[in-house]
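Working notes, structure below.
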């Protein structure tokens, strides 16, 4: 019997090449290509009054210099608004190279192509761009005050007013026994993959075709964008995402200016052109996320049950809105989490600032929503003197209430209807895992060591696996190899392994025979991309369906050969056999050969399928009507709506009340992503997400000054955690399968990061007894907070004490 | 004493003598990747913080983005491509740290991995291999490199596992 | 992020190094470990016309330990000093401070003397040089001379050495009898530049009474300074001494700046806390020396 593969911690097949230096990332491809570098705006908001390249033309090795004036046709038009939305009333995007006005430090103004990157940077240094500085808008509050406008024709700086409501919130608040209101902030961080972006473009003059390698999360859509912008026929453009050194969201945005400009130059120059984004470029010209101001009013009864929730938010979308308002929509709709909120209204203004664009970073608006909701739960508990876990429990959607309709519209335009879950189960497991009921004992013990201990928790529900679709292709070769491809890309999530597990399981073949290709438009042209924790759900199910198609065809052909009934056949270890009659069998590879009737015997296996190889039925055509040669199948999975994963985290912090250093001493995760394909990979995703959550809560921020200069655009000052800053994580799983898809999967990629800020804020507040209303928080800020006479004091916690 | 703008250097890379002519400003990381086409060494920050570009120079881990290629003239450089050894039959025997990374799921995107592997290989080879590794040692070995995918838990696990594989008398 | 063009020389003697520095003039820059310099070059925040790499100059990689103190050559790496038992025996602050310098791979390449010559107020070894009352040896075409630490540091990233010169060694005097030391930093991430650090020495008399308590801080002020905190604890025994009083005194003596990672107030707080902690430890140690 075939080894069980689904749900098993199968070791990753990606690893061997990656641990021996044989991985191929974009910057590893195409030695000897010309190198691109960019002159980027040093000002956050300025009018370009002149570009003088004369001094640069003397540099030995300069090949070409491009400015906006050199862009033609669609390239001279603004970059696309990728995700239009009716509420995005003032969308703005930049140009591939700035035209007239720059809107943030780092915006590309001039592209230089030279013999190598060193020379290209020398050339950039000699290009003089004259600017007339304009007033700068930094931060969500400055944007909403709108003393100055980022875009001249958007005087209020509001790109979109996102608004959803499920009832008359004002009436519901008025009728509530208790209400409270508060304002809080969350700061910017960024995906910050270890590999920056990169583009390598090769133009083949002989057949007028373009091949582009790019470090992207969406190769099919990059391909379409390049074809449209460079006015090429789609079939003449191929885009490959090779090994990608992390994405976390930033590489779903496309086309980045460089993804268009580098191919443009390759075509114009007739030579391969390469661009590898350096770390400084990544900081100032890629994307950030997370900054919001949230004003929350909640109504609740004596038991702490929420009766109404009204959220007014301002979301900093940076200088442009190429990715629409996905992040604020996700915040708005995922904010409600695992709770039944009878009446909910959310209004979020997405506002422009003269800073780097804001697009999804792992979590994509959910950490902010979770922060809003979970801090609300904490406040209700504090106000009523109840245990924070108990207040949550009283508001949870019950296990028997699924499907649960929130009457909201999600980021995919579909209703927010939770498909399945067991939130009370999560809470029970979390309480046990972190030792919630022993918090007061631990607090006393820490105090005896001179430390202030605090504990916090946060729960979330994450809409994962949104459509519209993904596809999969499965093909059995005459050699017995099983080729699998899907259009979406991989950035380290182990898709090759997980998809191979699925195919091996569905088809009954050894996993060693399965080869998986992702993100290569030469192999699969239809795809959406890797984002929103959707790869396993979308491509996983599409590939499972494709494998089932192959299986059905294999059984049909084998049934004819074996003169058996299809229902009596099974496939095990790559052999089709009659159940219970092991001798009556045919290898799947032979079925593959027979599936493709041949005239020419190019090898021994093919000989079996040639026209004189055996007695044929000459009353039928070799390929039946409606059938196709080959043992392969393409299928697609297109869900009716997203599936909703869930989880609960708790953090225990210890604070040194002399230095106000904050240490996360325990971190507990309970996680429900439905059925699990590979628990090793899922736990790895959780670990990584938690580290980013801790980073976002305690270390990382984008420190813009009032002039719009990013002051910490290096790994020296942008404090991504090292191992020394990340706590050990304990994980417990709960598996509530999704009824929406064949494999019962829910997404797992982003979950780990979502509750980090909320639960760590709660724990710090619990430790120091002061209100935490802005995150992240550093020791110097905590010191300011605890000695501020204005800081709100938080009532003594009663953690774990039954009401 | 002449001041040069270009130099021909001889370096033993992964046991093989290599000669290449480089501009003197070429970083070792770029020389390895582009001049010698050993792209296993990755560049994550180019200011010495992330550690992805860590290689061994005469057996000692250094950031190859903080060394000029001309500075390794006459020296021996080991990169991730040289970590596994030849099994004499056309195959390779992985270094225990490579085995451990695979066994413990200590990599996701793999971009930072070569830097961790080189640092860890040198760190574990330098320690007293008759003793069990301590958590302080693990923290020291793992602590200077950035990873954005794994949250480090499995990298620390791999470090312990590799130390076990490398314990005297236990092979490797 | 690639360095701008420069010329490169790797002299094989000190005199050769000085000759090339002299002939190349103001734009020439000495490189030893390069761990601070190369990031500046790659970010094009520094663009020397010529790099004079002294790594091939002989005899600069020596740690010479005597009863008087420890002489550290210009090519001694932090890692070497960190693990040098002889140096630690004579001046324990050397190992204690170098343990806080960045991460191992940086310590393997970066040099102690180079970090002193870089004169970064957030560097550990500048403060240790000051606290121990050390000096550097500066070689110029005219000859070599010792420069006391107080005359060496002029401002952030600025020393009194101009023109063609190589700092060939640093001298850290031996720790006096009945003196203990301690060193501690608070940093945002382990291995980062300190938000604040403190190195201290405490000297006791025969009856275990404090006769001297001195401190030097990291990332506080523009140049390394040594603060005499003796008055707060003078004449007290190790057990009687109120180290927090010394911390309070220290807070009044320093003038820290704020930056992205810490306000000036927070640094002042840490000066007090770290002073109190380190003095107490140093005093305990002094009893046993």
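Chains as they are written, first to last, in the working numbering: chain A, 28 to 830; chain B, 260 to 431; chain C, 18 to 306.
Every residue gets a Cβ at the ideal spot worked out from N, C-alpha and C, and that includes glycine.
Contact with chain C by residue i, beta-carbon distance below 8 Å
| i | result |
| --- | --- |
| residue 738 of chain A | yes |
| residue 440 of chain B | Outside the displayed span of chain B (260 to 431) sits residue 440 of chain B, for which this structure offers no information. |
| residue 763 of chain A | no |
| residue 261 of chain B | yes |
| residue 746 of chain A | yes |
8 Å Cβ cutoff, residue i in contact with chain B
| i | result |
| --- | --- |
| residue 126 of chain C | yes |
| residue 169 of chain C | no |
| residue 130 of chain C | no |
| residue 442 of chain A | no |
| residue 703 of chain A | no |
Buried or exposed (CB count within 10 angstroms, at least 16 for buried), residue i
| i | result |
| --- | --- |
| residue 733 of chain A | exposed |
| residue 347 of chain B | exposed |
| residue 660 of chain A | buried |
| residue 601 of chain A | buried |
| residue 292 of chain B | buried |
| residue 20 of chain C | buried |
| residue 360 of chain B | buried |
| residue 311 of chain A | buried |
| residue 158 of chain C | exposed |
| residue 330 of chain B | buried |
| residue 421 of chain B | buried |
| residue 177 of chain C | exposed |
| residue 618 of chain A | buried |
| residue 350 of chain A | buried |
| residue 639 of chain A | exposed |
| residue 387 of chain B | exposed |
| residue 189 of chain A | buried |
Closer than 8 Å to chain A by CB, residue i
| i | result |
| --- | --- |
| residue 325 of chain B | no |
| residue 308 of chain B | yes |
| residue 303 of chain C | no |
| residue 373 of chain B | yes |
| residue 280 of chain B | no |
Proximal residues to residue i (C-beta, below 7 Å), its chain only, five neighbours per side dropped
| i | result |
| --- | --- |
| residue 325 of chain B | 307 |
| residue 446 of chain A | 429, 430, 670, 671, 765, 766, 767 |
| residue 763 of chain A | 447, 448, 449, 699, 701 |
| residue 28 of chain A | At residue 28 of chain A the pLDDT is 49, less than 50, meaning the model places this residue with poor confidence and gives no usable figure here. |
| residue 561 of chain A | 491, 492, 493, 774 |
Whole-number beta carbon distance between residue j and residue i, since they are thought to touch under 8 Å
| i | j | result |
| --- | --- | --- |
| residue 187 of chain A | residue 114 of chain A | 5 Å |
| residue 564 of chain A | residue 492 of chain A | 3 Å |
| residue 342 of chain A | residue 289 of chain A | Rounded, the Cβ-Cβ distance is 31 Å, inconsistent with contact. |
| residue 331 of chain A | residue 408 of chain A | 7 Å |
Nonlocal neighbours in the same chain, by C-beta distance under 6 Å from residue i, ignoring five residues either side
| i | result |
| --- | --- |
| residue 336 of chain A | 325, 368, 371 |
| residue 484 of chain A | 677, 786 |
| residue 473 of chain A | 480, 681 |
| residue 431 of chain B | Confidence at residue 431 of chain B is low in this model, with a pLDDT of 43, below 50, so its placement is unreliable and no value can be given for it. |
Sequence-distant residues of the same chain with beta carbon closer than 8 Å to residue i, five excluded per side
| i | result |
| --- | --- |
| residue 286 of chain C | 268 |
- prompt: Would the region 74 to 94 of chain C and the region 181 to 198 of chain C be scored as touching if the rule is three or more Cβ pairs under 8 Å?
  reply: The region 74 to 94 of chain C, when compared against the region 181 to 198 of chain C, does touch it at the 8 Å Cβ threshold.
query: Hey, is the region 30 to 38 of chain A in contact with the region 701 to 710 of chain A, meaning 3+ C-beta pairs nearer than 8 Å?
result: Output reads yes: the region 701 to 710 of chain A touches the region 30 to 38 of chain A.
- prompt: Would you call the region 221 to 232 of chain C and the region 135 to 143 of chain C touching, i.e. three or more CB-CB distances under 8 Å?
  reply: Segments in contact, no.
- prompt: Any chance the region 56 to 76 of chain C sits against the region 32 to 48 of chain C, with 3 or more Cβ pairs inside 8 Å?
  reply: Yes, the region 56 to 76 of chain C touches the region 32 to 48 of chain C.
field: Inter-stretch contact at 8 Å, needing at least 3 Cβ pairs: the region 401 to 408 of chain B / the region 22 to 33 of chain C
entry: As far as the Cβ criterion goes, the region 401 to 408 of chain B does not touch the region 22 to 33 of chain C, which means the pair count is below three.
message: Quick check: the region 96 to 104 of chain C against the region 49 to 59 of chain C, are at least 3 beta-carbon pairs closer than 8 Å?
response: Cβ pair count under 8 Å is below three, so no.
- prompt: Is the region 247 to 254 of chain C in contact with the region 191 to 208 of chain C, if contact means three or more CB pairs nearer than 8 Å?
  reply: Too few Cβ pairs lie closer than 8 Å, so no.
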